[in-house]
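Engineer:
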Amino acid sequence: DSYALFTDHQLHNTGVGFEESMRKDPKSITVQLAPGIQASVDQSLIRSVGEEKENDLGLYEVSLNPMDRWKYRTPSLRNIAVTAPYMHNGEFSSLDEVIQFYNSGGAPNELLSPLIRPLNLTNHEHLALKEFLKSLTSNNLPELVLDGFAAPVGDVL
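Heads up, the final residue of the sequence shown is numbered 614 in this note's numbering, and it's a clean run with no missing numbers.
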């Protein structure tokens with residue numbers, strides 16, 4: 458059920474892949490070194506030790522429909538507090554960064570979902586949203602993980 462999982466199971470363009478595809482990379486990015494430990498790393502340093510990334514075009518890579526560029530499926534918000542890094546490409550290492558991204562209206566582009574627009578949250582609303590998201594995380598994760606390992610793999614009725 459979509460409501461129980463806190464997702465619409467739909468594909469949306471939030472602009473995440475757009476900036477990379479158009480080479481609008483930020484000068485530095487925040488990298489998660491360990492849980493709760495982040496560092497700001499200059500983008501040129503990352504490029505010097507990594508391979509050139511392929512374009513990140515989302516659903517378009519499968520459909521070849523230009524209207525599908527940068528569309529990605531909305532994941533469940535269940536257990537969101539323990540699933541960092543966030544976004545399909547791991548761009549954000551904290552819930553604060555994700556909230557700020559959506560608060561500013563995503564990454565503008567011609568195919569941006571009409572659902573994505575500046576939220577104009579106050580600091581209090583930002584913190585309240587973060588606490589709500591954290592409340593969607595189960596307090597029995599070890600049991601859920603063990604139960605998940607017991608589940609059959611594949612399409613079993």
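Where is the CB? At the ideal position from N, CA and C, for every residue including glycine.
1) So what does residue 466 bridge to, in DSSP terms?
2) Look up residue 543 in the DSSP assignment and give the residues it is bridged to.
3) Starting from residue 499, follow its DSSP beta bridges and name the residues at the other end.
4) Does the separation of the CB atoms of residue 569 and residue 472 fall below 8 angstroms?
5) Let's test the definition: count the other Cβ atoms within 10 Å of the Cβ of residue 537 and tell me whether it reaches 16, buried, or not, exposed.
6) Pick out whichever of 590, 551, 560 has its Cα sitting closest to the Cα of residue 493.
7) What do you reckon, are the CB atoms on residue 554 and residue 487 nearer than 8 angstroms?
Structural biologist: This is what the structure holds:
1) Residue 466 pairs with nothing; no bridge assigned.
2) 549
3) Among the bridge pairs identified by DSSP, residue 499 is matched with 485.
4) yes
5) Residue 537 should be labelled buried.
6) 551
7) yes
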